[in-house]
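Following: one structure in structure tokens, then a few remarks.
Number of protein chains: 2
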Amino acid sequence: MSTAKPFARSACAVANSLDIVGDKWSLLVVRDLLHGKSTYGELADSPEHIPTNILAERLRRLEAAGIITGTPYQKRPVRYAYALTPKGKALGDVLLAFVRWGRQHIPGTMVMDQRPANGGSAAKATATRRTRKARAK
Amino acid sequence: MSTAKPFARSACAVANSLDIVGDKWSLLVVRDLLHGKSTYGELADSPEHIPTNILAERLRRLEAAGIITGTPYQKRPVRYAYALTPKGKALGDVLLAFVRWGRQHIPGTMVMDQRPANGGSAAKATATRRTRKARAK
DNA sequence: CCTTATAGCTTGCATAATGCAAGTAACTAG
DNA sequence: CTAGTTACTTGCATTATGCAAGCTATAAGG
């Protein structure tokens, strides 16, 4: 009970948070899930274009960390709908802090809120998923 | 004017913030500077023990990003006292969001506020800097 | 039946970041 | 003159990231 040394670096809340989401991609996945996305394809289709191997690995890590859950919405082949747990949704405050900081201190950045929102006129709302080689025509 | 493509991944404020501080160490350096530390040795002495090559590289990157400034407090050999710019201080809100999230969702974590604070009874408040080989006595 | 297409991953590397250990420069104390 | 200290730099091994391609299961078109 007293020999527990469960912290990789220190007991600091910031350090341990960074050990979970302290990389360039994890919080973007959380952002997309907060914005209503849920499938692998939707997450892969975000403007930053996360490499698919990294997306798969992050989904595993975030699920192991209790930040997301994957619920099968289809079997043969099994497909998962990913959703945030309460722990994951709570990261919204961190996202919000980043948005505020970025908008104030990185010129040109903006909030990317691509939810369906109004009546279906949102840009790319009905666009097909971008394939590896977008063969036009 | 319209051909500008200054964003590495997207115009999203979160993505661009993560391109600057989206790693395991940068925000810890900011945390320590917010806590009143300023010299290289003080930063290297934090409980997480950042490798010195990474600390040197992060100080360069954070200065290039306008988050910290290095002011020489001594020449022959020139030594720098690092301090946060307003842009860097504004990251305090992000740190705070991480602290709140970590404390609520990662059991056992705590706020590491190692400022002198009260009357000198803070743990390790007067401890000497840990050398590479901490030779006790 | 056979080719295309699509969703959702996995695999194979090449490159970049991280981390440990040691080395170096310019001092200060003894 | 030797040892210690601060503030870094350098070398190299390990790990993470990123691009491209492959693979499986299903469906649609001809």
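Chains as they are written, first to last, in full-length UniProt numbering: chain Y, 1 to 137; chain H, 1 to 137.
Just so it is clear, CB atoms sit at the ideal spot from N, CA and C, and this is done for glycine as well.
**OP:** Locate the beta strand (DSSP E) running through residue 64 of chain H, then write down its first and last residues.
**Re:** Note, residue 64 of chain H: premise wrong, no beta strand (DSSP E); alpha helix (DSSP H) at 52-64.
Original post:
How about residue 61 of chain H: is its C-beta nearer than 8 Å to some C-beta of chain Y?
Top reply: no
Original post:
Between the stretch 6-18 of chain Y and chain H, which residues of the former have CB atoms less than 8 Å from a CB of the latter, in chain order?
Top reply: 6, 7, 9, 10, 11, 12, 13, 14, 15, 16, 17 and 18
Original post:
At least one CB of chain Y closer than 8 Å to the CB of residue 81 of chain H: is that the case?
Top reply: no
Original post:
What is the DSSP secondary structure of residue 8 of chain H, counted as helix, strand or coil?
Top reply: coil
Subject >> Bridge partner(s) assigned by DSSP for residue 81 of chain Y >> reply: Y/71
Subject >> Any C-beta of chain H under 8 Å from that of residue 120 of chain Y >> reply: Low confidence applies to residue 120 of chain Y: its pLDDT is 34, below 50, so where it sits in the model is not reliable enough to give any reading.
Subject >> Cβ shell of residue 109 of chain Y (< 8 Å), same chain only, five flanking positions each side left out >> reply: A distance below 8 Å between beta-carbons, with the five flanking residues on each side excluded, links residue 109 of chain Y to the following residues of its chain, in chain order: 102 and 103.
Original post:
Between the Cα of residue 48 of chain H and the Cα atoms of Y/90, Y/10 and Y/91, which residue gives the shortest distance?
Top reply: Y/10
Subject >> Min CB distance residue 90 of chain H to chain Y below 8 Å >> reply: Yes, residue 90 of chain H lies at the interface with chain Y (some Cβ there is under 8 Å from its Cβ).
Original post:
DSSP puts residue 112 of chain Y in a beta bridge; with which residues?
Top reply: Answer by DSSP bridge pairing: none, since residue 112 of chain Y is not bridged.
Original post:
Given that a residue counts as buried once 16 or more other Cβ atoms are within 10 Å of its Cβ, and exposed if not, what is residue 29 of chain Y?
Top reply: buried
Original post:
When the distance is taken between beta carbons, is residue 76 of chain H closer than 8 Å to residue 25 of chain H?
Top reply: no
Original post:
Along chain Y, which residues have their Cβ under 7 Å away from the Cβ of residue 105 of chain H?
Top reply: 87 and 90
**OP:** Compare the C-alpha of residue 79 of chain H against each of H/98, H/92 and H/56 and name the closest.
**Re:** H/56
Original post:
What in chain H is Cβ-close to residue 84 of chain Y, meaning under 8 Å?
Top reply: Result: empty, since nearest Cβ-Cβ is about 12 Å, beyond 8 Å.
**OP:** Please compile the residues from chain H whose C-beta is within a distance smaller than 9 Å of the C-beta of residue 23 of chain Y.
**Re:** 18, 22, 23 and 24
Original post:
Interface residues of chain H around residue 97 of chain Y at Cβ under 7 Å?
Top reply: 93, 94 and 97
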